[in-house]
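Heads up: the sequence lines are chains A and B, in that order. For the first sequence, our numbering assigns the number 101 to the initial residue and increments by one for each residue that follows. For the second sequence, our numbering assigns the number 277 to the initial residue and increments by one for each residue that follows. Ideal Cβ placement from N, Cα and C applies to all residues, glycine included. What you are looking at is a predicted structure, and each value in this text was computed from that prediction instead of being measured.
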Amino acid sequence: MKKMTKVWGVWSICAALILMLAACGSGNKETGATESPVATNATEPAASASNSSTEQVTLKFLYIWPEFEDKMNETIKNFEAANPNIKIKPEIVPWDKVIEVLQTKVASKQEPDISFGWTHWMAPFVNEVDAALPLDEYLNKDEAWKNSFVRNDLLATSIVSPEKPYVSNIPFKLSFQVVIYNKKIFEDNQLQIPQTLEQFEMIMSTLASKNIIPLAASGKDGNLDILKDSFAGMNFYRNGTATGDWLKGEESYSSPEYLAAMEFTKKWFNQGYFGKDSFAVGGDEVSNLLLSKKAAMVLGNNNQISALQPQIDDELGAFLFPAPEGMKAQAPLTADGFFVLKASKHPEESVTFLKYLTSQENQKLWAESTQSMPVLKDLKTGNETIDTLIDQVASSASDYPKQQLSYNPGELAKLLQASFAEYLLKSDADVKSTAEKMEKDHRNAINSGKQ
Amino acid sequence: MTERKTLMSYLFLLPALLLFVAFFLYPVTTSIVRSFTDWNGFNAAFRWVGWRNYETIWSDIHFWESTGRTLKFAFITTVAQTVLGFLIAFFIYSLVSERWKKLLRVAIYTPVILPGAVVSLLWVNMLSPNFGMVNEWLHKLGLGSFARGWLGDPSTAMNMIMAVNTWKYIGLTVTFYIVAMLTIPKEVIESAKIDGAGKTRMMWNIFRPLLTGITEVNFILSLIGGLKAFDLIYMMTGGGPGDSTTVLGIMVYRRAFLSFKFGEAITMGILLFIIILVLTLISRKLMANREG
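Okay, structure coming up:
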């Protein structure tokens, strides 16, 4: 009897294991990328919409910001009340894991209908994976929606290549580089918000002479590279040389404009304007320098202001990084946004949700309660810092050249950062040979992407 | 009856075999196959590209630079862990007080069980140029000229990570050594003492040769750990400043999750596996020869 029990036990374990293995492979019989049920959805949005009014639809929604879970739940509740046939099933992931999570979901055919995505980081999802639904048709059908955004070039930031010239992402919260400053330190030192790059440099010199870190920035997290690229962009714009290769992201690092930007950043770096050992300092420590009042300004992102203000008794303010005399400030707009997955069976309903996310009502709710920077023009939040920044953004130059990257710049950005860091850290580093190395890495990355 | 017994034994092996196939053989085979494809990690579809990934990696200067850094990291941490681990283990073993023995054993093993992320954050904060304890103490001790941004200077970043890696994993080496020391017959130790052997002679002439086996195990485990290093480096420096701490693990991660070139990332993984295998075989051979 005992023996029989053992035999049955063994068989049961084997059966369970086989079932387990089989279960791992089930539900995934399609061969994937080449099959694209979505393409049909993309071109015929109206057809799928015909079912939408009657059918109960559940949309899977992937987003970041665990800290705003309550607010997103409120948004979802309001949306569901207005659209009783649509249910939203949310899933939150940390911002730095969203790519990996989405990658796994797409690979296992468990993708959401709507996912978080950065407007300027759509190349992987459009070019390499072809997972993002083109949204132009939906935008063209609703002119009011299309024209509601703060600057007319905002939607275009998600267009990634001439081969696929469509909007793939709808912005939700603006995200751009700002200078966050301590108003009290400015007052104590009789400083005003700089209007030009020249004034900005003078302010930094004054602060440095008083042993205050003028503009804390993290070399480790790539702040200095962004700054250098901004300088280069300004130089190209001023000289009218931002054409051809540069616009395609196949820039010539050996151009005088780029070399000047590298040298200018190094000058500030050597003068200690970014703080001590900025390559040993991450984003959190940069924030701590501002909070501990060791730094008067930090190079940050507009979304940081709301997180930093409650932690310091001095009032914080923010302004756009100023341009040289005679030029409008440059606000390279990007946004935290959302896109619809091509594989979604409910593109029409998904777009309806995107419209709700960018509605006046919802944008105001988020701006008021989370200090998010709204993406709509003519929306006053009542928050002085946010409203001032929005006005600055609206009046900032939208005609600065924008690069349209047809390749995924992720790993390349790290290589370029590494070369630039070496240039900044080595006193005897030669700007031209550094630029040549960067150019070589850039060409290799583009060529390997074309293979 | 014998046939039935044989059948039963195969039946008992089946669960382990299934697990082996599902969690080892299948992933390894798939990885090798996919290293010959342009798989992007997102889609099930991929194209066969032959040896192209291997050619790309082989001709990539950054891969070889990272390999050099990985080898340097692995060898230095292995030697440091093995030598220091042996010395610390001998010190703890030689202590008279049982209470101190227990306390030190627990203290030295604690970092091993701490998650890599926690250890990284701890040390990043301690080594911070603005708020860090290390620089603060250097100033207090009148050694302020040595204070620096330890992780932001290419000349010190890798050394610091190697020190932290050794600090984190040395507890494992020490534990293995202590366990092995406890198996040495008391008679041998007593005889050596009667013959007048001091602590140093005992350590060198009794403990060291009798612990060759565990030294080999420690050496190989540390070497493999060093070659696979990723979490501490990723959290502490992200591979920087410049590319001074970009080891192979970091490159594999970037190629897979930033460039979405899983085919190439797997190829790097396979090359890393071959390096580990070759080095392990060489070190085993060397140690076997010494024993011989």
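Just how far apart, CA to CA, sit residue i and residue j?
i	j	result
His338/B	Tyr529/B	14 Å
Leu360/B	Tyr330/B	39 Å
Glu484/A	Phe549/B	57 Å
Phe318/B	Arg310/B	13 Å
Asp377/A	Asn565/B	48 Å
Phe366/B	Phe299/B	39 Å
Gly425/B	Lys537/A	26 Å
Met402/B	Asn411/B	8 Å
Arg381/B	Phe422/B	32 Å
Asn402/A	Glu211/A	30 Å
Tyr510/B	Asp236/A	39 Å
Ser467/B	Thr354/B	33 Å
Val193/A	Gln404/A	19 Å
Thr341/A	Phe216/A	35 Å
Thr204/A	Ala380/A	32 Å
Leu224/B	Tyr238/A	Nothing about residue 224/B can be read from this structure; chain B reaches only from 277 to 568.
Met457/B	Phe349/B	28 Å
Leu499/B	Leu486/B	21 Å
Ile308/B	Gly326/B	12 Å
Phe227/B	Leu457/A	A question about residue 227/B goes unanswered here, because the residues of chain B that appear run from 277 up to 568.
Ser533/A	Ser527/A	14 Å
Lys367/A	Ser431/B	22 Å
Ala292/B	Phe453/A	49 Å
Between residue i and residue j, is the Cβ-Cβ spacing less than 9 Å?
i	j	result
Phe168/A	Phe438/A	no
Tyr337/A	Ala535/A	no
Ala232/A	Lys445/A	no
Val395/B	Val450/B	no
Ile333/B	Met563/B	no
Leu391/A	Ile412/A	yes
Ser406/A	Thr470/A	yes
Asn175/A	Leu465/A	For clarity, residue 175/A is Thr in the given sequence; the question names Asn instead. Taking 9 Å as the Cβ cut-off, Thr175/A and Leu465/A qualify as a contacting pair.
Asn406/B	Gly375/A	yes
Lys264/A	Val206/A	no
Val229/A	Asn316/B	yes
Ala518/A	Thr488/B	no
Val279/A	Ala418/A	yes
Leu420/A	Ala435/A	no
Leu416/A	Asn282/A	yes
Leu399/A	Ala316/A	yes
Phe249/A	Leu476/A	yes
So what's residue i in DSSP terms, helix, strand or just coil?
i	result
Phe276/A	coil
Asp414/A	coil
Asp82/A	For chain A, the structure presents residues 101 to 551; residue 82/A sits outside this window and is missing.
Leu159/A	strand
Leu359/A	helix
Thr315/B	Here residue 315/B turns out to be Trp, not Thr, going by the sequence shown. Trp315/B: coil per DSSP, three-state reduction.
Ser215/A	strand
Leu487/B	coil
Phe249/A	strand
When we look at the beta-carbon of residue i and count the other beta-carbons within 10 Å, is it buried (16 or more) or exposed?
i	result
Glu540/B	buried
Lys310/A	exposed
Leu524/A	buried
Arg531/B	buried
Trp324/B	exposed
Arg251/A	buried
Val157/A	buried
Asn292/A	Note that residue 292/A is Gln in the sequence shown, not Asn. Flag for Gln292/A reads exposed.
Phe362/B	buried
Pro224/A	buried
Thr134/A	With a pLDDT of only 34 at Thr134/A, under the threshold of 50, the placement of this residue in the model should not be trusted; the figure read from the coordinates follows. Exposed.
Lys328/A	buried
Within the same chain, show all residues whose beta-carbon is closer than 7 Å to that of residue i, passing over the 5 residues directly before and after it, in chain order.
i	result
Leu121/A	Residue confidence is low: Leu121/A scores 46 on pLDDT, short of 50, so the model does not pin down where it sits. Its coordinate-derived value is still stated next. Around Leu121/A: no qualifying Cβ.
Leu524/B	Ser342, Thr343, Thr346, Met544, Leu548
Glu155/A	Asn185
Ser335/B	none
Ala575/A	The first residue shown for chain A is 101 and the last is 551, placing residue 575/A beyond what the model contains.
For residue i, collect the residues of the same chain with a Cβ closer than 6 Å to its Cβ; drop the 5 residues on either side in sequence, then sort them by chain order.
i	result
Ile551/B	none
Ile542/B	Ser307, Arg310, Ser311
Tyr302/B	none
Within its chain, find whatever has a CB closer than 8 Å to the CB of residue i; leave out the 5 residues flanking it on each side and keep chain order.
i	result
Glu511/A	Ala545
Ser275/A	Trp218, Asn401, Asn402, Asn403, Thr434, Ala435, Asp436, Met473
Ile526/B	Ser342, Phe506, Ile509, Tyr510, Gly514, Gly515
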